[in-house]
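Worksheet for the structure shown next.
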Amino acid sequence: MRITARRLALGEGLAAAVPEMDVVAETSVAHPAAPIALAVETAERPQLLSLLLGGRLKPTAGEVLVDGSSDTAELRRRVALVDTPGTSEPSPGVALRTVVAEELAFAGTPSSRRATDAVLTQHGLADHARTPLRAVPAAPRIRLLSELALLRDGVEALVITSPERHGGDPRGWFGEVRQIAERGVLTIVVTDEATAALLRAAGAGDGSAPAADAEADPEPEPTAPAPAPAPAPAASTTPEALPASPTADDEAGSTATASATADPAAARPAAQEH
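Using this note's numbering, you'd call the opening residue of the sequence shown number 1 and step up by one each time.
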């Protein structure tokens, strides 16, 4: 499964509730990927970004694709929001047993007390059945709510919102999240900068990139320099042979030759007188 957000934003400019960003998250059962840690600041941005990635909120700009499709209904069906304030966060004062029963019913599975207690026992939380959710430690809380979300039909990805708000060492609950991701579940944690840095140091991926960098044209590959043109033939340094200027002797010879040709008799020596 692959989720891609391109130039995703909510609002514009400096006042944008979610500034423009790109997100790439991908995994498969055959090649499971580590959870992705996305960092956004301010109190509301983690919630808003989670809603955008889950298809529950329409962006001002950009889009979110699931396996290359822009079908928002498919995105909502395949992505579950986990513990997202104002959306999927259970009431903090409700007993854990009640929270589990409601989640089981929402997933369309048996939600009787017996079924509920079986789930609590499975996750080692039987002693917390009557504990208000707010008092449940962060790691088992996040693990339980994530597993309950995966019971819903068609869910293949989880977006976990601001789990650091429950306190404790983030690396503790990150171990629970990583175990889920190792099963091939696409897992995105939307958190703040400090927590994201800790998670990345613990092995989380970074699926975010500045939009400008993602859209920039790739650097052209270096090409071999064009061959230099063949040099022009060098000019000869030896002057071409020119007809020699006739000398006085040459002129005399030429005159004699011309005279002999014109008068053969003149060319013969005169007969000696006897």
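By construction, the Cβ of each residue, glycine as well, lies at the ideal position given by its N, Cα and C atoms.
By the Cβ rule, the stretch 54-61 does not count as touching the stretch 31-41, because fewer than three pairs are nearer than 8 Å. Inclusion of V64 and L145 in the CB contact set at 7 Å is not warranted, their separation being larger than that value.
The beta carbon of G205 sits closer than 6 Å to those of A34, I36, all from its chain and outside the five residues before and after it, given in chain order. DSSP, read as helix, strand or coil, puts V177 in helix. DSSP, reduced to helix, strand and coil, places L81 within a strand of the structure shown. In this structure, A9 sits near A61, with a CB-CB distance shorter than 7 Å. The beta carbon of A80 is closer than 8 Å to those of G54, S88, A149, L150, R152, V155, A157, L158, V159 in its chain, skipping five residues each way along the sequence.
Around the beta carbon of V177, 16 or more other beta carbons sit within 10 angstroms, so the residue counts as buried.
Judged by beta-carbon spacing, I180 lies within the 7 Å limit of T187, meaning their Cβ atoms are closer than that value.
Counted as a single uninterrupted DSSP element, the alpha helix (DSSP H) harbouring A139 occupies residues 138-149.
At a Cβ-Cβ threshold of 7 Å, T116 and A135 do not count as neighbours. In the three-state scheme derived from DSSP, where H, G and I count as helix and E and B as strand, L49 is classed as helix. Counting only runs of 4+ residues, the alpha helix (DSSP H) found wholly inside the stretch 62-142 occupies 72-78, 96-106, 113-122, in chain order.
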